[in-house]
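The sequence shown runs contiguously to residue 164 in UniProt numbering. Inspection log for the structure reproduced underneath, given as structure tokens.
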Amino acid sequence: MDKRTASLLLGMACLAAATLLARGTADPAAFRTVFQLISLTALGFVVYQSTLLQHRRYFVPLAVAVAGFLVSLLWKIQHWPGASWLLAVSLAAVVLLYAVRFVRKPSKSLEDVLKVLWVVTYSAGVYLTVEQLPHASAVLGLGTAVFWLLVFVFIYTRFMRPAQ
1 MDKRTASLLL GMACLAAATL LARGTADPAA FRTVFQLISL TALGFVVYQS
51 TLLQHRRYFV PLAVAVAGFL VSLLWKIQHW PGASWLLAVS LAAVVLLYAV
101 RFVRKPSKSL EDVLKVLWVV TYSAGVYLTV EQLPHASAVL GLGTAVFWLL
151 VFVFIYTRFM RPAQ
């Protein structure tokens, strides 16, 4: 494990501890906040360690699609016209761009399959939730389960599996 990895994991633990101490350990919102912070940190760590950042051909359009998604959420909060359309297009672009990257990747591992499955389920769950459509919590729950399976596979393959 290199210094950056160790410092990131230590920072994640300190952030979780500080949030729990600041809010009090009996507060259920504190645990929810810590869970969300750990989820975001784990996602950032998986993205940081992936090869996506090394390939500008895939990263730049995907970053534009994610930016479009964030803008669509802001438009949705403001109840501006076209927000639903922009949300659907940006999430479809994220799924399509990540699927194209996955198909063109020469060697695919279990981690890659889980990443694509997570992008699809989480995007569908977010769309269903924001548009208040039925079965949103079930799809988001599936996306969350796939995400944590991805994190566990990532940790196992990168840190716990003996070198072969």
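Just so you know, even glycine gets a beta-carbon here, dropped at the ideal spot from N, CA and C. None of the values given here were measured: they were computed from a predicted structure.
Residue i, DSSP secondary structure in three states
i    : result
E111 : helix
T51  : coil
W80  : coil
P61  : helix
L150 : helix
R161 : coil
L91  : helix
L133 : coil
Beta-carbon separation (whole angstroms), residue i vs residue j, contact threshold 8 angstroms
i    : j    : result
T144 : E111 : Actually they do not touch by this definition, with Cβ atoms about 17 angstroms apart.
V46  : V116 : Between V116 and V46 the Cβ distance is about 13 angstroms, and since that is not below 8 angstroms, they are no contact.
L70  : L114 : That pair is no contact at about 24 angstroms.
Cut-off 6 angstroms between Cβ atoms - residues of its own chain near residue i, not counting five sequence neighbours on either side
i    : result
L142 : T121
V103 : none
With 16 other Cβ atoms within 10 Å as the buried cut-off, status of residue i
i    : result
Y48  : exposed
L87  : buried
L97  : buried
R101 : buried
A65  : buried
F154 : buried
L62  : buried
S109 : exposed
S123 : buried
Sequence-distant residues of its chain with Cβ nearer than 7 angstroms to residue i (five each side left out)
i    : result
V140 : The sequence shown places Leu at residue 140, not Val. Closer than 7 angstroms at the Cβ level, and outside the excluded window around L140, lie G125 and T129.
S72  : A83, L86, L87 and S90
V119 : V94, V95 and Y98
Y127 : L87, A88 and L91
V146 : L114, L117, W118 and T121
S50  : none
Same chain, Cβ closer than 8 angstroms to residue i, five either side skipped, listed in chain order
i           : result
R57         : none
residue 188 : Absent from the model: residue 188. The displayed extent of the chain is 1 to 164, so no value can be given.
L52         : Y58, F59, L62 and R101
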